[in-house]
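These notes concern the structure reproduced below.
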Amino acid sequence: MKTSFKFLLPLLVGLILWFLPAPQGLSSNAWEYFAIFMAVILGLILEPLPPPVCGLLGVGLIASLMLVPPTAPTMPQAKPAVTASAPAQAAPPPPAATQAPPAAPAAPAPGTAPAKNTPTSQIKWALSGFADPTVWLVFAAFIFAQGYEKTGLGRRIALLLLRLMGRSTLGLGYAVAMSDLCLAPFLPSNTARCGGTIYPIIRNIPPLFGSTPDNDPRKIGSYLMWVALASTCVTSAAFLTSFAPNFLAVSLVQKIANIDISWTQWFLAMLPACAVLFLATPYLIYRIYPPTQKSSPEAPVWAAKELAALGPMSRGEMTMAVLAMCALLFWIFGGKLVNATTVALVVVGLMIPFKVVTWDDLLGNKPAWNILFWYGTLMAVADGLYKVGFLNWFCTNMANAFSGFATVTMILLLVTIFWYASFFFASITALTTALFPPFLMAAMLVPGLPLKMFILLMCGSLGLRGILTPYAVTPAIIIYGSGYIATSDHWRLGFIFSTLYLIVFLALGIPTMSMLFD
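In the numbering used here, the protein residues as written are 12 to 529.
See the structure below:
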């Protein structure tokens, strides 16, 4: 796609929407905000500029035009829903405070003028995303990834697994998957895990068997590459801390629905489906997309040589392992004592005096600073969509459209629609920012809908959907670019495995979450 087109399309779409009349029931102010919002989202998808720059330009323009009110609108109430499984009845009150919609701002006292937009209120909104703890948790986790890479601990773990499990091609597939699993709770970037740690290792294995992109790729290379991608998608869903958009979704849930999701709650909710998918994935690929090379005796030998070259664990590796384990234990068991972001920032602070990384390393970590600016602006943009009243209007109409369906049917439809919307996004972060809030708010207006179960289904699906297209996540782009998997095979396998993942996720996730949170 030409660069000029990438520049013009977001601007053109934004201008067209800006000058179109606002839909019935929506203020012109909210519609103008939506026009800029869509231009930003298209910018994130097409990337005529780096995504953080698109976000900065968007919040800067919105703040300059003073489109965001200082207080949020009142959340509308749903009409009683008639479902196929129950007669119509008055909407019950929320079952608990944690499932109530966001509280409406208090009405001004008699004789007091309502709050007005000012340049100060606009800049506070524009910078509000950078005050979100989730943004800094993601930033800290990228520093964790840097520690794994710099000390060599991530590479050592992967090589150990290859040495132990790599005698058969199927065992090699499980070794690749296990390597990703060992890193997943600590690295929120599947790019860092799959693209930065796993892929550089496994790309050295197929040539040992004469399998290259140009010569017999199906012998072993194609199998290993697809296992690497499919496995990282499963691990991205298994842990809150394994995929950056998970943090973004959880933060949006807290802001919109006032529901907190802990690391442990996420893990227990995802465990059955992700455990089945993780254990089945290398075997299913072995059957559906089989390698012609069934044994791989050279792989453990190569891994042993690489480990010998590494030598014994260094002081830096041991320090990184201890700090990462301490962080994980606090995330699991210390949620009531200390915030997860606080834990992450303390560990990052300790990594510097213990010489796991240096201050210059931190300053030079471009991906970490990139994600900080990206998420900081996206959080503000997503919050503004609610404050101007657009989400209230959209979710009310969506809730009314689905009001005739049974609760389970409605959940299945919403999650499935949200899943296949990935076809239109080259970034799951952009998808989460654009579509997650309106889907969530629509669900909040449906009487009797188990909100926490629905939220976890929506959040958990983010990581799994990376298998769907060759551009869904960065690891998919890297694996596709390796040349081992033909374009037609990538789309075919993406459809097969995304369908399997969705069916298993819903079939096991719904009953599991019903037991945990009903």
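Ideal Cβ placement from N, Cα and C applies to all residues, glycine included.
It should be emphasised that the depicted structure is a prediction, and the values quoted were computed from it without experimental measurement.
Spatial neighbours of residue i in its chain, beta-carbon cut-off 7 Å, leaving aside the 5 residues before and after
i	result
GLY165	TYR159, LEU194 and THR208
LEU235	LEU183, GLY184, VAL187, ILE213, ILE216 and PRO217
MET77	ASN128 and GLN133
LEU148	PHE258, ALA351, THR352 and ALA355
PHE465	ILE422 and ALA454
SER38	GLY400
ASN40	LEU78 and VAL399
Proximity below 8 Å, CB of residue i to CB of residue j
i	j	result
THR145	VAL261	yes
LEU468	MET409	no
PRO63	ASN257	no
ALA152	ILE216	no
GLY395	TRP136	yes
TRP404	GLY36	yes
PRO199	PHE254	yes
ALA46	GLY71	no
TYR294	LEU504	no
Own chain partners of residue i with C-beta closer than 8 Å, once the 5 adjacent residues on each side are dropped
i	result
ASP227	GLY221 and THR303
LEU446	PHE429 and ALA432
SER17	The amino acid at residue 17 is misidentified as Ser; the sequence shows Lys. Contacts found: LEU57, GLU58 and PRO59.
PHE384	PRO63, GLY66 and LEU67
GLY122	Its pLDDT being 44, under 50, GLY122 is placed unreliably in this model, and the coordinates cannot settle the point.
Nearest to residue i (by Cα), restricted to the options the options
i	options	result
ARG167	ALA74, GLU317, ALA248 and MET236	GLU317
ILE154	ALA74, ALA319, THR510 and VAL359	VAL359
LEU20	LEU53, THR131 and LEU321	LEU53
THR330	PRO364, ASP372 and TRP385	PRO364
ALA156	VAL51, ALA379, LYS230 and LEU339	ALA379
GLN133	LEU22, TRP385, VAL399 and ALA335	VAL399
ALA332	LYS161, ARG229 and MET421	LYS161
PRO323	PHE197, LYS463 and GLY163	GLY163
PRO481	ILE507, GLY492 and ARG229	GLY492
GLY477	PRO522, ILE490 and ILE466	ILE490
PHE197	ASP225, PRO224, LYS230 and PHE150	PHE150
MET526	SER307, THR510, ALA203 and LEU279	LEU279
LEU290	ALA50, PRO461 and VAL245	VAL245
PHE401	TYR512, GLY69 and VAL79	VAL79
GLY474	LEU192, ASN201 and THR223	ASN201
ILE27	SER233, ALA50 and TYR297	ALA50
VAL219	LEU192, GLY177, TRP237 and ALA203	According to the sequence provided, residue 219 is Leu. The question's Val does not apply to it. Closest by alpha carbon: GLY177.
ARG326	LEU517, LEU334 and PRO448	LEU334
SER306	LYS266, LYS230, ASP225 and ALA268	LYS230
Reduced DSSP category for residue i - H, G, I as helix; E, B as strand; rest coil
i	result
SER493	coil
SER306	strand
SER190	helix
SER5	Residue 5 lies beyond the residue range present for the chain, which begins at 12 and ends at 529; the question has no answer from this structure.
SER533	The chain is shown only over 12 to 529; residue 533 falls outside these bounds and no answer can be derived.
SER525	helix
SER39	helix
SER247	helix
SER222	coil
ALA120	Any answer about ALA120 is weak, because its pLDDT of 46 lies below 50 and its placement is not dependable; what the coordinates show is given next. ALA120 falls in the coil class under three-state DSSP.
SER179	strand
ILE47	helix
ALA195	coil
Close beta carbons around residue i, own chain, < 6 Å, minus the five adjacent residues each side
i	result
ALA453	CYS406, MET409 and ALA410
CYS205	ALA239, THR243 and PRO486
GLY520	ALA284 and LEU468
LEU55	PRO62, CYS65, SER438 and ALA441
MET362	GLY158 and VAL368
PHE434	none
**Asked** Would you call the segment 382 to 402 and the segment 439 to 454 in contact, with 3 or more CB pairs under 8 Å?
**Response** Yes, the segment 382 to 402 touches the segment 439 to 454.
**Asked** Counting Cβ pairs closer than 8 Å, one from the segment 266 to 282 and one from the segment 247 to 255, do we hit at least three?
**Response** Three or more beta-carbon pairs drawn from the segment 266 to 282 and the segment 247 to 255 are found closer than 8 Å, and the two stretches are therefore classed as touching.
**Item:** Given 8 Å, three or more beta-carbon pairs between the segment 282 to 295 and the segment 496 to 503
**Value:** A contact is defined here as three or more CB-CB pairs under 8 Å, and the segment 282 to 295 fails this definition with respect to the segment 496 to 503.
**Prompt:** Taking contact to mean at least 3 C-beta pairs separated by less than 8 Å, is the segment 297 to 314 in contact with the segment 170 to 177?
**Reply:** These segments touch.
**Request:** Assess, as a yes-or-no matter, whether the segment 362 to 377 is touched by the segment 420 to 428 under the definition of 3 or more beta carbon pairs within less than 8 Å.
**Result:** When C-beta atoms of the segment 420 to 428 are compared with those of the segment 362 to 377, fewer than three pairs fall below 8 Å, so the two segments do not count as touching.
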